[in-house]
Amino acid sequence: MSSRTHIWLYLAALSLTVFSVMFLDRNIATWMHQHSHASYIFKPLSQMPLLFEILSAMVIISCVTAKGRKQFLPLALSLGITLILATIFRVGAKFIFGRTWPETWIHTELGSNPSWINDAVEGFHPFAEGLAYNSFPSGHALFTYALVSVFWWRFPQLKVVWIMAMLGAVAGQIGQNYHYLGDLIAGATLGVFSAHISIRIVYYLVRRAKR
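Below, the structure is given as structure tokens:
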């Protein structure tokens with residue numbers, strides 16, 4: 309796709325995130341709290357990033373051998389750069405936006421995190437410190453979409469598998485009410501953006517190495 313198409317797609321994702329935050333998130337969180345009880349289905353799906361982090365580690369480690377480098381070096385480089393970028397985006401964005409969670413998950417001696425379900429509290433608190441303000445964007449969606457996008461680039465013939473993994477990660481997080489829909493859209497967008505940048509970097513490095 310052209311750069312202009314990419315820009316329009318990212319703008320569309322940004323618009324969808326804003327629309328979800330303003331009009332959908334609270335209602336979806338309330339409905340899921342009242343009606344979602346299939347945790348035995350959603351909980352495994354919510355851990356989707358772990359699967360692709362393990363696969364990524366295996367690819368990177370395989371490059372210790374000459375055979376592995378021959379087969380997977382561009383993929384390993386892309387995955388490594390993607391992991392670094394995704395981590396930076398995740399930590400930075402959560403700190404910048406400081407959104408509260410849909411449910412109360414954190415319990416310490418000092419108290420529990422405020423949430424929409426327990427306290428009717430939902431909002432953004434820029435640069436607020438602490439896990440109570442780490443809902444936006446979803447790190448699970450960010451890492452899933454980032455790593456899956458790289459695997460999709462390398463193995464496009466398995467696109468059905470990659471699409472299912474992406475949708476499964478979102479379903480798992482929504483089904484467990486771990487995140488608002490807006491958190492997930494934002495995380496997915498940043499994940500794809502991380503992969504996009506890393507793939508462009510690897511293309512540049514490969515072309516330079518061939519000169």
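Under this note's numbering, read the sequence shown as residues 309 to 519, first letter to last.
Note that the Cβ used here is the ideal one computed from N, Cα and C, for glycine as well.
The model shown is predicted, which means the values in this text are computed figures rather than measured ones.
Quick check: what's the CA-CA separation for residue i versus residue j?
i: ARG515; j: THR325; result: 36 Å
i: GLY495; j: ALA477; result: 11 Å
i: LYS467; j: TRP409; result: 32 Å
i: PRO352; j: LEU319; result: 31 Å
i: GLU411; j: ARG377; result: 45 Å
i: GLY419; j: TRP413; result: 11 Å
Out of the options, point me to the one whose CA is closest to residue i's CA.
i: VAL469; options: ASP333, SER310, TYR348 and PHE360; result: PHE360
i: GLY480; options: PHE327, SER344 and ARG508; result: SER344
i: ARG462; options: ALA517, LEU475, PRO382 and ARG407; result: PRO382
If I follow the unbroken alpha helix (DSSP H) through residue i, where does it start and stop?
i: LEU513; result: 489-518
i: HIS341; result: 333-343
i: GLN465; result: No alpha helix (DSSP H) holds GLN465; DSSP gives it neither H nor E.
i: MET309; result: Neither: MET309 is in no alpha helix (DSSP H) and is coded neither H nor E.
i: GLU361; result: 356-370
i: PHE403; result: 374-405
My guess is that residue i and residue j are in contact by the Cβ rule of under 8 Å, so how many angstroms apart are they, rounded?
i: HIS415; j: SER443; result: The Cβ separation is near 16 Å, so there is no contact.
i: VAL458; j: ALA503; result: 5 Å
i: ALA384; j: ILE362; result: Incorrect: roughly 14 Å between the Cβ atoms, too far for contact.
i: ILE482; j: SER328; result: That pair is no contact at about 11 Å.
i: SER386; j: ILE507; result: 6 Å
Are the CB atoms of residue j and residue i within a distance shorter than 9 Å?
i: TRP424; j: ALA337; result: yes
i: THR497; j: PRO434; result: no
i: LEU439; j: ASN426; result: no
i: GLU430; j: ASP333; result: yes
i: ILE389; j: VAL510; result: yes
i: MET356; j: THR452; result: yes
i: ALA394; j: LEU317; result: no
i: GLN484; j: PHE350; result: yes
i: ALA473; j: VAL456; result: yes
i: PHE432; j: PHE405; result: yes
i: LEU391; j: ALA454; result: yes
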